[in-house]
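In our numbering, the protein residues as written are 37 to 499.
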């Protein structure tokens, strides 16, 4: 029974029931040596030999025979010729290929014939590697094997595929291996004899076995068709499209992930050095602290320069230096006031930390004492200056003199003199000894006066 490629039966003959004993005893010997052809006509000679029995015996031939014929055709032809008056050997067909005749002792006339007619010797099938009516022609270039149906593998020179067994005599083309050069290179290798190693392909399975091209692109850090070239200096990542960060040495950015191998440049941090220092820090590894910038966010992350100037009380590019002694405020442009100790003037706001010098007041000691006062913290009251004019704010001296009845630099000392009207009332002569003091004075002053009067008149009158 014959079936087509859809599995449908195409019957030639059917035996609906047969015991194995009957098959072996009466039928098997008539089937030995059969052939199967596939043809587009009913003439088997115009078709292709699909199968030829050379080995079956009565005991081994199967009752149901199955074979595969990879040939297109309209007819499957079973052929097993039995000629009258011919004594056949056991079974039908010679047990050894290349012979014919009743005793299978006559070599087939055509040297490359594998199956010839058992009676006439006409070639019915060529040996592998040959073709033509008399099997004198080797397979066409690029083919080999039985009926020249096999295609050569990937030989380095297609002419060098052996027409019988398909071996590539000069080796395989790039990307293939094996005697017949039909197997691709193992994963990760390519080229002639598969001796080349694939580059850094994104997917190692997508490395061309022929030329090593990475079909889906390179792994991170590599470029080129073969993905064997590292990214240029300053680039990294897939297709080398990423730019290195602010590495201390730009050539030290790792080509795969961009890590800065020798650390970040001044002012940057992180593995790839793309992050500026946190606010208030700068320099290598952001270990430096910004100075007293007017705006801390305007401290350069690279060198710490205060871009908008210093805070009050500091100077210099980094604003880490206090104002010089005697100055304060933004840019150290203000001069300290009359501090009691000039070293105690605040460099920030000019406050006199230990108070003002004599004659001045206020936090920064730049204000003179108010009119009528002087001295430390302006706590002293001016004396009897003439016409209530201002006294010195430092020592209380009356610049224009004293009011009547006072003397001294501070105009605080009374003047002692005899009241003439009182002396007349007491009828004291010029040489009298009676005197009246106009003011209450210290005992020392009284004693001085009494001494003077006593020396002149010998009489003292005190009221």
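Think of the CB as a built atom: it goes at the ideal place given N, C-alpha and C, for glycine as much as any other residue.
- At a Cβ-Cβ threshold of 8 Å, residue 303 and residue 262 do not count as neighbours.
- Between residue 218 and residue 190, the C-beta spacing is below 8 Å.
- Boundaries around residue 112 are those of the beta strand (DSSP E), 111–115, since no alpha helix (DSSP H) includes it.
- Take residue 363, set aside five residues on each side of it, and the residues of its chain with a beta-carbon closer than 8 Å to its own are 369, 370, 371, 372, 383, in chain order.
- If you compare the alpha carbons of 333, 339, 101 with that of residue 321, the shortest gap goes to 339.
- Residue pairing by DSSP puts residue 72 in a beta bridge opposite 87, 114.
- Excluding the 5 residues flanking it on each side, residue 319 has same chain C-beta neighbours closer than 8 Å at 302, 303, 313, 338, 339, 340, in chain order.
- Under the three-state reduction of DSSP, residue 266 is assigned to strand.
- A direct Cα-to-Cα measurement between residue 136 and residue 144 gives close to 6 Å.
- Within the stretch 380–437, no complete beta strand (DSSP E) segment of 3 residues or longer occurs.
- Per DSSP, residue 67 is one residue of the alpha helix (DSSP H) stretching across 64–67.
- Residue range 159–162 is occupied by the beta strand (DSSP E) that includes residue 160.
- When secondary structure is reduced to three states using DSSP, residue 173 falls in the strand class.
- For residue 150, the enclosing beta strand (DSSP E) begins and ends at 149–152.
- Annotation for residue 202: 180, 181, 186, 188, 189, 216 place their beta carbon closer than 7 Å to its own, counting only its chain and skipping 5 residues before and after.
- Setting aside the 5 residues that flank it on each side, residue 255 is surrounded in the same chain by 236, 237, 238, 263, each with a C-beta closer than 7 Å to its C-beta; the list follows chain order.
- Residue 91 and residue 130 have their C-alpha atoms some 9 Å from each other.
- In this structure, the beta-carbon distance from residue 308 to residue 294 falls below 8 Å.
- The C-beta distance from residue 115 to residue 81 rounds to 10 Å, too long to fall under 8 Å, and the pair is not in contact.
- Sixteen is the threshold: when 16 or more other Cβ atoms of the shown chains lie within 10 Å of the Cβ of residue 400, as they do, the residue is buried.
- Check the Cα spacing between residue 268 and each of 251, 291, 285: the tightest is with 291.
- Annotation for residue 259: 265, 267, 275, 276 place their beta carbon closer than 7 Å to its own, counting only its chain and skipping 5 residues before and after.
- Residue 110 sits close to residue 76, with the two beta carbons spaced by under 8 Å.
- According to the DSSP secondary-structure assignment, residue 259 is paired through a beta bridge with 265.
- The alpha carbon of residue 100 has as its nearest neighbour, out of 386, 433, 67, 206, the alpha carbon of 67.
- The criterion of a C-beta distance shorter than 8 Å is not satisfied by residue 420 and residue 402.
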